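> Residue numbers (my numbering): 3 to 159.
Every residue, glycine too, gets a C-beta built ideally from N, C-alpha and C.
Quick caveat, the model's predicted, so the values are computed rather than measured.
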Amino acid sequence: MTTPADWRKMKQLRFGDSPELSSRLVAQVIAGVKTATCSAASEVLETCVGEQQVVLSGGGVPVAVIGTLTLEVLPLADVTPAQAALEGDLSHSYWRNAHTDYFTREGACAPAMQVIFETFRMVKTLDAASAAHPNEHVQAERAQAHAAGYTALGEVA
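#1: Using beta-carbon positions only, say whether Val35 and Asp129 come within less than 8 Å of one another.
#2: Rounded to a whole number of angstroms, what is the C-alpha to C-alpha distance between Ala149 and Gln85?
#3: Just to confirm the assignment, what range does the alpha helix (DSSP H) spanning Glu22 have?
#4: Is there contact here, the region 53–70 with the region 95–110, by at least three beta-carbon pairs under 8 Å?
#5: Quick check: Ala142 and Arg16, are their CB atoms within less than 8 Å of each other?
#6: Looking only at its chain, what residues have a beta carbon closer than 7 Å to the beta carbon of Val125, apart from the 5 residues adjacent to it on each side?
#7: Per DSSP, what kind of secondary structure is Ser95 in: helix, strand or coil?
#8: How is Glu138 classed by DSSP in three states: helix, strand or coil?
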């Protein structure tokens, strides 16, 4: 069991590349719709299977503890629709476009680039305020996707 003192000794992780994106993604974790993440294999791997990490909000507030379940290295182009769904995205095409944009902003993106696909489970919520309304962030994410032309079935309209 993780106690408050325990999480201060854990590795910390922030999803995304901006405070806004980080907060939206951690809200998806708390809401239970995001149970995976993807990073460039060229980055230093910060976890191993069975390890727990503290997830930070965009403002750097410790929000949740997650436990790594699986790690898989594969080409970006080989991430499946089932894997994309674990990231909480509406569809494989939405996931692909969002991650292409993200990796391009990070400086390198190609269909053959190796990525680390990690699945995890939420162990504990640490911040009651963040945990109070995660579905609002999820709804905002969905609205943004729909505004970009993605339908409920995930195809671009």
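Let's see:
#1: The residue given as residue 35 occupies position 33 in the sequence shown. The residue given as residue 129 occupies position 127 in the sequence shown. The Cβ-Cβ distance between Val35 and Asp129 does not fall below 8 Å.
#2: Here residue 149 corresponds to residue number 147 of the sequence shown, with the count starting at 1. Here residue 85 corresponds to residue number 83 of the sequence shown, with the count starting at 1. If I take the Cα positions, the gap works out to 23 Å.
#3: If you number the sequence shown from 1, residue 22 lands on position 20. First-last of the alpha helix (DSSP H) with Glu22: Pro21 to Ala33.
#4: No, the region 53–70 is not in contact with the region 95–110.
#5: By 1-based counting over the sequence shown, the position of residue 142 is 140. By 1-based counting over the sequence shown, the position of residue 16 is 14. Contact: no.
#6: Position 123 of the sequence shown, counted from the first residue, corresponds to residue 125. Correct list, in chain order: Thr4, Gln54, Val67, Ile68 and Gly69.
#7: In the sequence shown, the residue the question calls residue 95 occupies position 93. It is helical.
#8: By one-based count along the sequence shown, residue 138 stands at place 136. Reduced to three states, the DSSP call for Glu138 is helix.
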